[in-house]
Amino acid sequence: MATKNGRKDAKSGGQILLAHLVASGYKRAEPPILQPAAVFLDQLGEDMRGRLYLTTDAAGAELCLRPEFTLPVSVAYLASSAAGKAAAFSYLGSVFRFRPDGSGEFLQAGLESFGRKDKEAADAEILALSLEAAAKAGRSDLAVTIGDAGLFAQFLDSLKLPASWLRLIRRGLAHGTSLEKIFEASPTNGSDDHSGVLAALEGADKQGARALVEDLLSIAGISSVGGRSVSEITERFLEQASLRSGPGVPQDKRDLIAKFLAVSGDPDAASAALRKLAGAAKLDLSAALDSFDQRLNFMVARGLDPASMKFSARFVRRLDYYTGFVFEAHAPDAAPDKPVIGGGRYDRLLGTLGAKKDIPAVGAAIWVERLFAEVAA
Numbered sequence: 008m009a010t011k012n013g014r015k016d017a018k019s020g021g022q023i024l025l026a027h028l029v030a031s032g033y034k035r036a037e038p039p040i041l042q043p044a045a046v047f048l049d050q051l052g053e054d055m056r057g058r059l060y061l062t063t064d065a066a067g068a069e070l071c072l073r074p075e076f077t078l079p080v081s082v083a084y085l086a087s088s089a090a091g092k093a094a095a096f097s098y099l100g101s102v103f104r105f106r107p108d109g110s111g112e113f114l115q116a117g118l119e120s121f122g123r124k125d126k127e128a129a130d131a132e133i134l135a136l137s138l139e140a141a142a143k144a145g146r147s148d149l150a151v152t153i154g155d156a157g158l159f160a161q162f163l164d165s166l167k168l169p170a171s172w173l174r175l176i177r178r179g180l181a182h183g184t185s186l187e188k189i190f191e192a193s194p195t196n197g198s199d200d201h202s203g204v205l206a207a208l209e210g211a212d213k214q215g216a217r218a219l220v221e222d223l224l225s226i227a228g229i230s231s232v233g234g235r236s237v238s239e240i241t242e243r244f245l246e247q248a249s250l251r252s253g254p255g256v257p258q259d260k261r262d263l264i265a266k267f268l269a270v271s272g273d274p275d276a277a278s279a280a281l282r283k284l285a286g287a288a289k290l291d292l293s294a295a296l297d298s299f300d301q302r303l304n305f306m307v308a309r310g311l312d313p314a315s316m317k318f319s320a321r322f323v324r325r326l327d328y329y330t331g332f333v334f335e336a337h338a339p340d341a342a343p344d345k346p347v348i349g350g351g352r353y354d355r356l357l358g359t360l361g362a363k364k365d366i367p368a369v370g371a372a373i374w375v376e377r378l379f380a381e382v383a384a
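In structure tokens form, the structure reads like this:
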């Protein structure tokens, strides 16, 4: 049904996606296009913050054009009578992000599932429904890559690395940086441009160090940089000072991380390889790997073939809120940064948005114009 008419086809085709999701029990959510900016500035990764379209209202409140749906749908869920209970939502509409190589407005469809305790089954359902919707729109040959941020987090935690190193490694991998460059770029190698500030922070108590950095930023008249607040800039300096003054990552642990990240390919084979690696290193990853295997079984029950997918231990999505299963689906020969579908689990997000406790959550987004451009090609 798609032609070369681009956005016209995407709009009509998006209705096909939405209809399938609604028929599958996911009620349509329609959050406003104009959103309070604070929640996005607080929750989205740094690469996304610099792409927001920001404005202010007559009272001076900072607003932004909706850059994605997960956050506003989550906020609306928490404000509803369904908060804390199992609930499922779908959406279709425009999102707005600055893009130097194209329009800043594009269509996004998707689905979000909140409050389900059967996490592995919910993960499989989100992936299956996303692929089913794409197939109904004419695209059934997408290449699926899966990962597990929770498995990687349990692995890193088992190595008992300092928290500052854990954040540096996770952030670097999310931005596609090689492990070697992550270690090379750390302040422990003396390559940081702010060595004077970092040296002044070394040995200072946390409260005094924070006051020093905030005073320096205030004197310089800095209120934000690249979407980061003064508080976030301060935390980054403190993290770098901790890396500079603390012990580095021992070579044996670096080698173990490299071996873990090298695991990729057939998901079942990857699970076996990771169990073998954990056993040899005397690390307990059984809980995360059992969850991984259960998820694969639920995928099969949903009619999916895990053997047709690629698992990558180093695959993590760039938005900062993912905590577990993650996935992307690409059209053949598409660029790695241009998925047609992407999603995953974000169990801690709703707690940071005001929920009294963490609420299980998983979802996915479909880039409608990418999907229909590929169908039309």
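Every position in the sequence shown, counted from 1, becomes a number in the numbering used here once 7 is added.
Think of the CB as a built atom: it goes at the ideal place given N, C-alpha and C, for glycine as much as any other residue.
Count the other CB atoms within 10 Å of the CB of residue i; is the residue buried (16 or more) or exposed (fewer)?
i: Thr63; result: exposed
i: Gln22; result: exposed
i: Ala277; result: buried
i: Asp108; result: exposed
i: Ala287; result: exposed
i: Ala280; result: buried
i: Ala285; result: buried
i: Gly197; result: Below a pLDDT of 50, predicted positions are generally treated as unreliable, and Gly197, at 46, falls in that range; the measurement from the model is reported next regardless. Exposed, because fewer than 16 other Cβ atoms sit within 10 Å of the Cβ of Gly197.
i: Arg146; result: buried
i: Pro257; result: exposed
i: Ser293; result: exposed
i: Pro274; result: buried
i: His182; result: exposed
i: Phe105; result: exposed
i: Gly350; result: buried
i: Pro79; result: buried
i: Leu24; result: buried
i: Asp297; result: exposed
i: Asp155; result: buried
i: Val307; result: exposed
i: Lys126; result: buried
i: Glu119; result: buried
i: Gly234; result: For Gly234, the pLDDT reaches just 49, beneath the cut-off of 50, and the residue's location in the model is therefore unreliable, although a value from the coordinates is still provided. By the 10 Å Cβ count, Gly234 comes out buried.
i: Ser87; result: exposed
So if DSSP puts residue i in a beta bridge, which residue, or which two residues, is it bridged to?
i: Pro43; result: Leu70
i: Tyr98; result: Gly117
i: Trp374; result: Gln115
i: Thr63; result: Glu69
i: Arg58; result: BP columns for Arg58 are empty, so no partner.
i: Phe103; result: Glu112
Can you round the beta-carbon distance between residue i and residue j to whole angstroms, since I take them to be within the 8 Å contact cut?
i: Leu85; j: Cys71; result: About 19 Å; that fails the 8 Å criterion.
i: Arg309; j: Ala135; result: 4 Å
i: Arg321; j: Leu268; result: 4 Å
i: Phe76; j: Gln115; result: 6 Å
i: Ser101; j: Phe113; result: 7 Å
i: Ala17; j: Val375; result: 5 Å
i: Ala94; j: Phe121; result: 5 Å
Inset, instruction - Spell out a yes or no on whether the segment 329-346 and the segment 142-161 are touching, meaning 3 or more CB-CB pairs, one atom from each, closer than 8 Å. - result: The segment 142-161 and the segment 329-346 touch, with three or more beta-carbon pairs separated by less than 8 Å.
Inset, instruction - Identify every run of the alpha helix (DSSP H) within the segment 287-324, keeping only runs that are complete inside it and at least 4 residues long; order them along the chain. - result: As far as the segment 287-324 is concerned, its whole alpha helix (DSSP H) runs of at least 4 residues are 293-308.
Legend entry - Contact between the segment 129-147 and the segment 359-376 (3+ Cβ pairs under 8 Å): When Cβ pairs closer than 8 Å are counted between the two stretches, the segment 129-147 is seen to touch the segment 359-376, the count reaching three or more.
Inset, instruction - Say whether the segment 164-172 touches the segment 340-355, bearing in mind that this needs 3 or more beta-carbon pairs closer than 8 Å, one atom from each stretch. - result: Note that the segment 164-172 does not touch the segment 340-355; fewer than 3 beta-carbon pairs, one per stretch, sit closer than 8 Å.
Legend entry - beta strand (DSSP E) runs wholly inside the segment 122-192, at least 3 long, in chain order: Taking only runs of at least 3 residues, the beta strand (DSSP E) segments lying wholly in the segment 122-192 are 150-155.
Inset, instruction - Jot down the residue ranges of each uninterrupted beta strand (DSSP E) in the segment 318-369, minimum 3 residues, whole runs only, in chain order. - result: Unbroken beta strand (DSSP E) runs of no fewer than 3 residues, entirely contained in the segment 318-369, are found at 332-337 and 348-352, following chain order.
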